[in-house]
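Asker: For the sequence shown, our numbering begins at 113 and goes up steadily by one. Pasting a structure below so you can have a look.
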Amino acid sequence: MALTFDHPGEQASADPIKLLAIRETPLSVDEVFRAVGDDASGGTTLFVGTVRNHDGGADVDALGYSCHPTAGAELRRVAEKVVANHPVRALAAVHRVGDLRVGDIAVVVAVSCPHRAEAFEACRRLIDDLKHEVPIWKHQTFSDGTEEWVGAC
């Protein structure tokens, strides 16, 4: 069952939030980059988070992401907060759920702003708030057989 919260076309063209999604399918950096294209922006910052082969000194064998049913609404709230507090001209954020392998893309966020410093600041705020406020949880299995949930209450 796919958990997709795409909202292209639902937004007025003046809305800087261009793409928000939580998907079970592989993510596309190109899709996110295209979504934030803006001729009036002098800076575009894009962050790609990938699954690494270790965490806390332990080798990671498997990793899965899951989310709460409210994750899409919380992602929108985070995006709206970034737009309200930064001069964002275009914003996109997608996160993957399901089973991922080492090297897979787990999250892609991007913002376009009039200037580069603004773009860096807004993108940093977007990824940090997404990771801290959107109810997406990571389940890791380590090579020694232990496992851990990250982000779960």
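By construction, the Cβ of each residue, glycine as well, lies at the ideal position given by its N, Cα and C atoms. Everything numeric in this text was worked out from a predicted model, so none of it was measured.
If you follow the beta strand (DSSP E) that G155 is in, where does it begin and where does it stop?
Answerer: Looking up residue 155 in the sequence shown gives position 43. Segment 155 to 162, the beta strand (DSSP E) holding G155.
Asker: Give the secondary structure of R208 by DSSP, where H, G and I count as helix, E and B as strand, and everything else as coil.
Answerer: Here the question's residue 208 lines up with position 96 in the sequence shown. Residue state, collapsed to three classes: strand.
Asker: Within 10 angstroms of the Cβ of V141, are there 16 or more other Cβ atoms? Answer buried if so, exposed if not.
Answerer: Taking the first residue of the sequence shown as position 1, residue 141 is located at position 29. The residue in question, V141, is exposed, as its Cβ has fewer than 16 Cβ neighbours within 10 Å.
Asker: If we ignore side chains and look at the alpha-carbon of each, how far apart do A222 and G168 end up?
Answerer: The residue labelled residue 222 in the question sits at position 110 within the sequence shown. The residue labelled residue 168 in the question sits at position 56 within the sequence shown. The alpha-carbon atoms of A222 and G168 are separated by roughly 27 angstroms.
Asker: With the cut-off set at 8 angstroms, would you say V160 and V220 are in Cβ contact?
Answerer: On the sequence shown, position 48 is the one that residue 160 refers to. On the sequence shown, position 108 is the one that residue 220 refers to. Going by C-beta atoms, V160 is nearer than 8 angstroms to V220.
Asker: Beta-carbon within less than 7 angstroms of P247's beta-carbon, same chain only, minus the 5 sequence neighbours each way: which residues are those?
Answerer: Counted from its first residue, the sequence shown places residue 247 at position 135. Closer than 7 angstroms at Cβ, skipping near neighbours: C179, H180, T182, A183, E186.
Asker: For D270, which residues from the same chain have a beta carbon less than 6 angstroms from its beta carbon, with the 5 sequence-adjacent residues on both sides left out?
Answerer: Any answer about residue 270 is impossible in this case: the structure gives the chain only from 113 up to 265.
Asker: Hey, would you say V194 sits closer than 8 angstroms to A231, going by beta carbons?
Answerer: As a working mapping, residue 194 is identified with position 82 in the sequence shown. As a working mapping, residue 231 is identified with position 119 in the sequence shown. Contact: no.
Asker: As a quick exercise: from D256, A147, H244, I217, pick the residue whose alpha carbon is nearest that of P128.
Answerer: As a working note, residue 128 is residue 16 in the sequence shown. Out of D256, A147, H244, I217, A147 has the C-alpha closest to the C-alpha of P128.
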